[in-house]
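Worksheet: one structure, shown below.
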Amino acid sequence: MLGTMQNVPLSIAQLLRYGSTVHGSSTVATWTGSESRVATYAQIGRRSAQLAHALRSLGVDSDQRVGTFMWNNNEHLEAYLAVPSMGAVLHTLNIRLFPEQLIYVVNHAEDYVIIVDGTLVPLLNQQLPKFTTVRHVVVANGDPSTVQAPDGVEVHGYEDLLAAQPEEFDWPSLDENTAAAMCYTSGTTGDPKGVVYSHRSIWLHSMQVCMTDGMALSQRDKTLAIVPQFHAMSWGLPYAAFMSGASLVMPDRFLQPEPIAKILATEKPTFAAAVPTVWQGLLQYLEQNPQDISHLREVVVGGSAVPPSLMHAFEEKHNVRVVHAWGMTETSPLGSVARPPRGVTGEQEWAYRYTQGRFPASVQARLIGADGKELPWDGKSVGELEVAGPWIAAAYYRDPDPEKFHDGWLRTGDVGHITPDGFLTLTDRAKDVIKSGGEWISSVELENHVMAHPAVAEAAVVGIPDEKWDERPLVAVVIKEGQSVTAAELREFLVDKVAKWQLPEYWTFIDEVPKTSVGKFDKKRLRARHAQGELTVETVK
Ligand code: ADP
């Protein structure tokens with residue numbers, strides 16, 4: 000027997016229609032360096048219609064891929080809404096990919112149009128001749144004449160293209176499983192892999208972002224989306240904002256601590272999301288330049304493990320709650336959010352908040368041990384995390400990877416344990432675990448302990464080859480400006496925090512931890528720098 004309910008396809012067009020009418024007075028504010036330029040959702044709705052007409056005039060009449068090479072801003076939001084709604088596929092290009100990776104993803108996705116921000120044209124120009132399928136480049140917020148277009152590529156100004164277009168569009172009715180947007184992983188190993196989100200997966204994921212135990216986004220919020228729109232869809236914030244009516248604040252290219260502090264002071268957002276390195280930077284900036292940021296009801300931090308010291312500093316010095324979340328490009332990305340269960344307080348509450356979080360009903364999870372068998376959720380057994388659900392990828396785009404997807408599950412490459420009440424603690428990425436004397440050392444745990452030292456700005460731990468133990472941890476430390484600390488002092492600091500055999504004997508002091516294209520610690524590069532003898536290593540026993 001079938002249900003008797005209407006079978007209405009879930010669609011981005013419906014999000015666009017809803018947000019731009021019911022929440023027509025909500026706003027998106029893009030930072031320009033000194034102030035914001037603001038558009039209402041009603042205006043964004045009209046401009047999205049104009050963009051769709053403009054793209055149609057360029058020949059986008061089906062599921063062509065429309066690439067964006069852009070910062071977080073109004074125009075990028077318009078592309079997020081217009082491109083999928085018209086039945087085409089939005090392809091957010093990571094502006095920080097290595098040139099060969101960028102060429103790979105544009106050609107692999109077969110992008111037909113690229114919308115580029117004026118400031119990013121010089122970066123795009125270098126690779127443009129190597130894009131084999133691109134026929135149109137549209138320049139937003141800049142001068143189209145700066146594009147060095149090869150033969151066969153037409154260049155347009157974004158505003159010129161939109162100017163004469165109608166402000167309404169007859170959005171087509173689409174199957175909810177139709178491709179809406181695609182995003183490639185940052186390709187830390189091998190070629191980047193394409194994840195293609197459907198209208199349905201984006202809709203359901205947006206609902207989770209708005210749920211109270213998700214990010215609790217609502218029309219009362221003003222959301223500072225620092226996490227790039229070119230990385231895992233800005234964690235779903237733009238679509239969730241149109242679903243809930245939450246206003247958006249977009250930092251554009253102003254991502255350093257000083258402008259972020261200025262944006263906070265001017266726009267006073269209630270909510271913000273970014274990777275830990277952004278918050279570490281802001282925290283240090285605020286130490287020197289105090290400012291009230293308690294207008295933030297909370298900030299969601301994920302993408303890599305959040306050091307407990309960061310959570311405490313925000314809460315105790317700034318009265319801002321840091322909420323830890325886990326996810327990946329393949330999981331749309333929201334996988335789990337650390338909201339402690341009712342009734343817990345004090346240390347116990349903190350212990351829950353340090354975890355990567357609790358799975359929502361739509362994300363099924365299991366742990367697989369080294370022998371391929373499923374492990375219990377007992378808060379102790381450590382295995383590789385696998386997940387399944389309606390916004391979890393089932394495959395990569397034109398890139399079979401049987402290693403990654405099996406029996407309807409996604410192998411995350413993350414290693415950890417789960418409590419009986421569904422809280423995930425990641426101890427490491429499978430490739431970053433340090434294998435010492437047949438035991439595993441969690442690089443993340445060591446980092447968190449070292450970063451709790453008051454003189455330490457950042458610390459990254461990688462395994463380095465060791466004749467006797469196979470691998471041993473090397474701690475790369477960035478000291479805070481104006482402070483000093485020695486390797487021996489840091490080792491002493493760890494003595495009562497980790498098992499004796501885990502105490503690192505190898506230390507190096509560096510100016511900055513190398514970061515990936517999305518601002519995470521780049522441990523691969525750190526390991527390579529060590530292998531090439533570029534790091535001065537101190538041994539302390
Ligand atoms: P990339 O793999 O290129 O970093 P993603 O953004 O998709 O791109 O990264 C997802 C990975 O980031 C996860 O598999 C996990 O290893 C890591 N990650 C995300 N959130 C957390 C978190 N809260 N704690 C620890 N690791 C995290």
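Under numbering that gives the first Met the number 0, the first residue of the sequence shown carries the number 0, and numbering increases by one thereafter.
All C-beta atoms, glycine included, are put in the ideal place defined by N, C-alpha and C.
Listed in chain order, the alpha helix (DSSP H) runs fully inside the stretch 133 to 201 are 157 to 162, counting runs of at least 4 residues.
Within the same chain, Cβ atoms closer than 6 Å to the Cβ of K403 are found at R410, the five residues on either side in sequence being excluded. A distance criterion of 6 Å places the beta-carbon of R365 beyond contact range of ligand 1, judged by its closest non-hydrogen atom.
A distance criterion of 6 Å places the beta-carbon of S303 in contact range of ligand 1, judged by its closest non-hydrogen atom. Assignment of H90 by DSSP, reduced to helix, strand and coil, places it in the strand class.
Comparing alpha carbon positions, the residue from Q164, H230, F520, T222 closest to T184 is H230. Assignment of N447 by DSSP, reduced to helix, strand and coil, places it in the helix class.
No Cβ-Cβ contact shorter than 7 Å links A178 with V208.
Within the stretch 245 to 322, the complete alpha helix (DSSP H) runs of at least 4 residues fall at 256 to 266, 275 to 287, 307 to 317.
According to DSSP, residue pairing for I391 in a beta bridge does not occur. Inclusion of V432 and A458 in the CB contact set at 7 Å is not warranted, their separation being larger than that value. Within the stretch 410 to 443, the runs of beta strand (DSSP E) that reach at least 3 residues and sit entirely inside it are, in chain order, 422 to 428, 433 to 435, 438 to 440.
Distance from the CA atom of E346 to the CA atom of G421, rounded to whole angstroms, is 19 Å. Here T26 is buried. Its C-beta has 16 or more other C-beta atoms within 10 Å. The beta-carbon separation of F241 and G86, rounded to 18 Å, does not stay under the 8 Å limit for a contact. Secondary structure remark: continuous beta strand (DSSP E) runs of at least 3 residues inside the stretch 40 to 91, in chain order: 64 to 68, 88 to 91. Residue burial annotation: M214 is buried, with at least 16 other C-beta atoms found within 10 angstroms of its C-beta.
Secondary-structure assignment with DSSP links P472 through a beta bridge to G462.
Within the stretch 321 to 370, the complete beta strand (DSSP E) runs of at least 3 residues fall at 333 to 336, 363 to 367. Annotation for V120: the continuous alpha helix (DSSP H) segment containing it runs 120 to 126.
Beyond the five residues adjoining it in sequence on each side, F520 comes within less than 6 Å, by CB distance, of A459, V512 in the same chain, given in chain order.
Ranking R352, A486, L9 by CA distance to the CA of L173 puts L9 first.
With a cutoff of 7 Å on beta-carbon distance, F68 and L119 are scored as near each other. If you check the CB distance, P143 and G156 come in under 7 Å. In this structure, A454 lies away from V474, with their beta-carbon atoms at least 7 Å apart. Note on geometry: alpha-carbon atoms of D370 and I292 lie some 48 Å from one another. Taking every protein chain shown into account, the CB of N72 has 16 or more other CB atoms within 10 angstroms, so this residue is buried. If you draw a 10 Å sphere on the C-beta of S335, you find 16 or more other C-beta atoms in it, and that means buried.
If you draw a 10 Å sphere on the C-beta of V226, you find 16 or more other C-beta atoms in it, and that means buried. Cβ atoms of K479 and Q283 come within 8 Å of each other, at about 7 Å. For W234, the closest C-alpha among the options I43, T132, M327 is that of M327. The alpha carbon of L281 has as its nearest neighbour, out of V137, A312, R252, H294, the alpha carbon of A312. Placement of the Cβ of S185 at a distance of less than 6 Å from at least one heavy atom of ligand 1 is found. One Cα belongs to H294, the other to E329, and the distance between them is close to 32 Å. Secondary structure of L1 (DSSP, three-state): coil. Proximity of the stretch 423 to 430 to the stretch 346 to 359 meets the contact definition, three or more beta-carbon pairs being nearer than 8 Å.
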